[in-house]
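To convert, note that position 136 of the sequence shown is 135 in numbering that gives the first Met the number 0; the numbers rise steadily by one, no gaps.
C-beta: ideal position from N, C-alpha, C; glycine also.
Remarks on the structure that follows.
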Amino acid sequence: MAKHVAVLYGGWSAEREVSLASGRACCKALEERSYRVTPIDVQPDIATVLQNTAPDVVFNALHGRVGEDGTIQGLLEILRIPYTHSGVLASALAMQKDKAKVVMAAAGVPVPKGLVVNRFEAAKSHVLPAPYVIKPVSEGSSVGVIIVREERSHPPQELTREDWAFGDQVLVESYVAGRELTCAVMGDRALGVIDIRPATGVFYDYDAKYVKGGSIHVLPAEIKPNIYQKVQELALTAHQALGCRGISRADLRYDDTPGGTGELVVLEVNTQPGMTETSLVPELAAHAGYSFGELVQWMVEDATCNR
């Protein structure tokens with residue numbers, strides 16, 4: 000009898016639309032591989048829905064809060080339903096960017112210099128020399144990220160808006176010039192390295208991530224072999240230090256600009272990377288010889304509790 004997989008997607012985070020796209024793609028791939036699939040757009044009654052659905056496995060295609068921060072993982076542990084991706088602690092830790100940086104740094108992973116401040120304080124005066132980056136402490140997909148350029152005389156006033164939806168604490172980090180690199184980990188293996196180049200502008204923002212043609216993905220990244228290998232090593236070390244399971248993706252910056260510092264830092268680890276047609280992990284898996292269907296099947300077969 001075919002394994003019954005409930006695909007959790009949607010929800011109510013700032014990344015709902017991306018999650019819907021990821022979920023639909025994964026449902027289609029699993030159905031094509033003869034799984035019995037129940038798609039579930041997650042709402043606050045999700046515990047009851049899962050108990051009534053009684054799946055063998057949950058494929059977690061949620062992004063952002065609740066789905067990515069350990070909350071849904073804790074519920075699945077209580078219900079004893081095996082699930083994909085990382086467990087409670089790794090999910091919560093990776094989502095809290097400032098705490099994740101402490102753990103990664105302790106494992107020898109270089110991270111950008113920075114501090115956590117109240118958003119109103121960051122709006123009053125520059126808390127770091129420009130250029131620097133302001134980002135929510137616990138959001139993904141570049142949601143709420145602001146780059147403060149050298150020519151900007153005043154700090155960003157959008158931080159004081161009444162409809163600011165990302166919490167009062169923000170992470171302020173030194174801006175690292177150069178390349179945006181990303182590397183996925185599948186189980187205990189680092190996959191390839193992509194150099195992400197925004198098609199327009201200079202920042203890999205939400206649209207560059209998810210709008211078709213928003214970014215150019217160079218795979219394998221055109222960097223020196225020793226740097227390429229170092230990126231893979233750092234992605235795997237960060238994955239293991241945070242306690243991630245299944246699939247994760249590390250985002251890095253590498254300053255190879257003329258006269259630059261040569262700095263290579265890990266910005267964050269995504270425990271629920273996108274699974275859309277423009278997503279990076281399926282592209283990296285394909286480069287390693289896995290079709291999208293094979294990747295999704297691997298994730299389902301890897302699912303457990305106590306992750």
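In this structure, R64 places its C-beta atom within 8 Å of the C-beta atom of S12.
Its chain contains V184, S247 as the residues whose beta carbon lies nearer than 6 Å to that of H238, once the 5 sequence neighbours on both sides are disregarded; these appear in chain order.
When the Cα atoms are used, K2 and L75 turn out to be separated by approximately 17 Å. Taking G177 as the centre and dropping the five residues before and after it, the same chain places the C-beta of R252, Y253, D254, D255, T256, G259 closer than 7 Å to its C-beta, in chain order. Between V175 and E300 the beta-carbon gap is near 37 Å, outside 8 Å, which marks them as no contact. Runs of the alpha helix (DSSP H) spanning 4 or more residues and lying entirely within the stretch 96-138 occur at 96-105, 118-123, in chain order. According to the DSSP assignment, P197 belongs to the beta strand (DSSP E) that extends over 188-197. Per DSSP, E172 lies in no alpha helix (DSSP H) segment; the continuous beta strand (DSSP E) that holds it begins and ends at 168-173. Judged by beta-carbon spacing, H84 lies beyond the 8 Å limit of G242, meaning their Cβ atoms are not closer than that value. The alpha helix (DSSP H) runs of length 4 or more contained entirely in the stretch 4-86 are, from start to end of the chain, 15-31, 45-52, 70-78.
Out of A60, A234, G10, the CA that lies nearest to the CA of A106 is found in A234.
Taking one beta carbon from each stretch, the stretch 91-105 and the stretch 40-50 have fewer than 3 pairs nearer than 8 Å; the two do not touch.
L218 sits in coil when the DSSP states are folded into three classes, being neither helix nor strand.
Annotated as distal: I145 and E161, with beta-carbon spacing of 8 Å or more. Contact check for S173 and P111: beta-carbon distance about 5 Å, within the 8 Å limit, so the pair qualifies. Per DSSP, L263 is one residue of the beta strand (DSSP E) stretching across 263-269.
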